[in-house]
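Following: one structure in structure tokens, then a few remarks.
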Amino acid sequence: MNKINNQFASIEQVTDRYFGQRGTEAPGAASGISFEEILRQKQEPYGSEQLRFSKHAMGRLNDRNINLSQEQNERLETGVMRAGEKGIRESLVLLDSLAFIVNVPSKTVVTAIDQSESDHKIFTNIDGAVIA
Numbered sequence: 070m071n072k073i074n075n076q077f078a079s080i081e082q083v084t085d086r087y088f089g090q091r092g093t094e095a096p097g098a099a100s101g102i103s104f105e106e107i108l109r110q111k112q113e114p115y116g117s118e119q120l121r122f123s124k125h126a127m128g129r130l131n132d133r134n135i136n137l138s139q140e141q142n143e144r145l146e147t148g149v150m151r152a153g154e155k156g157i158r159e160s161l162v163l164l165d166s167l168a169f170i171v172n173v174p175s176k177t178v179v180t181a182i183d184q185s186e187s188d189h190k191i192f193t194n195i196d197g198a199v200i201a
């Protein structure tokens with residue numbers, strides 16, 4: 070019979086080792102986020118989290134002198150929300166003469182392309198597209 074080598078006598082010892090001594094830290098201090106905050110975030114509707122741009126996407130926008138208007142940004146966010154509702158994970162969002170590759174679950178724009186600059190107009194590693 071296999072013998073399990075266990076260095077902990079109780080769940081409290083495991084908790085103390087990995088999350089600090091009980092009573093000395095606020096709940097959630099190990100991660101910096103309380104359980105209540107995580108629960109609240111999970112209960113919020115999908116569209117409540119703001120769209121983010123990766124460092125790469127910001128560089129592309131700057132290199133190509135692309136400035137989104139408030140109306141375009143709202144349409145982009147709406148397109149990402151619609152993609153999420155359809156279960157798309159990696160989406161191409163077409164907006165006017167711009168194309169954005171977006172990681173939908175994290176609501177992060179991965180890259181931005183001015184369609185007139187794209188030589189081949191081929192987009193890979195996506196599982197859906199939205200015209201916003």
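To convert a position in the sequence shown, counted from 1, into the numbering used here, add 69.
Ideal Cβ positions, reconstructed from N, Cα and C, are used throughout, including at glycine.
* For the beta strand (DSSP E) holding leucine 161, just list the boundary residues, first then last. => As a working mapping, residue 161 is identified with position 92 in the sequence shown. Counting along the chain, the beta strand (DSSP E) containing leucine 161 begins and ends at 159–164.
* C-beta contact flag for valine 149 and valine 179 at 8 angstroms -> Here the question's residue 149 lines up with position 80 in the sequence shown. Here the question's residue 179 lines up with position 110 in the sequence shown. No, Cβ-Cβ distance for valine 149 and valine 179 is not below 8 angstroms.
* **Close beta carbons around aspartate 132, own chain, < 7 angstroms, minus the five adjacent residues each side** => Along the sequence shown, read from residue 1 onward, the residue named residue 132 stands at position 63. Excluding positions up to five away in sequence, the list is empty.
* Asked: What is the rounded straight-line gap between the Cα of lysine 190 and the Cα of arginine 158?
  -> Numbered from its first residue, the sequence shown carries residue 190 at position 121. Numbered from its first residue, the sequence shown carries residue 158 at position 89. Roughly 20 angstroms between the two C-alpha positions.
* To do: Give a yes or no on whether the C-beta atoms belonging to glutamate 239 and leucine 130 are separated by under 8 angstroms.
  => Lying outside 70 to 201, the shown extent of the chain, residue 239 is not represented and no answer is given.
* Work out the CA separation of alanine 201 and histidine 165 for me, nearest whole Å. => Your numbering for residue 165 matches position 96 in the sequence shown. Your numbering for residue 201 matches position 132 in the sequence shown. The amino acid occupying residue 165 in the given sequence is aspartate; histidine does not appear at that position. Using only the alpha carbons, I get a separation of about 8 angstroms.
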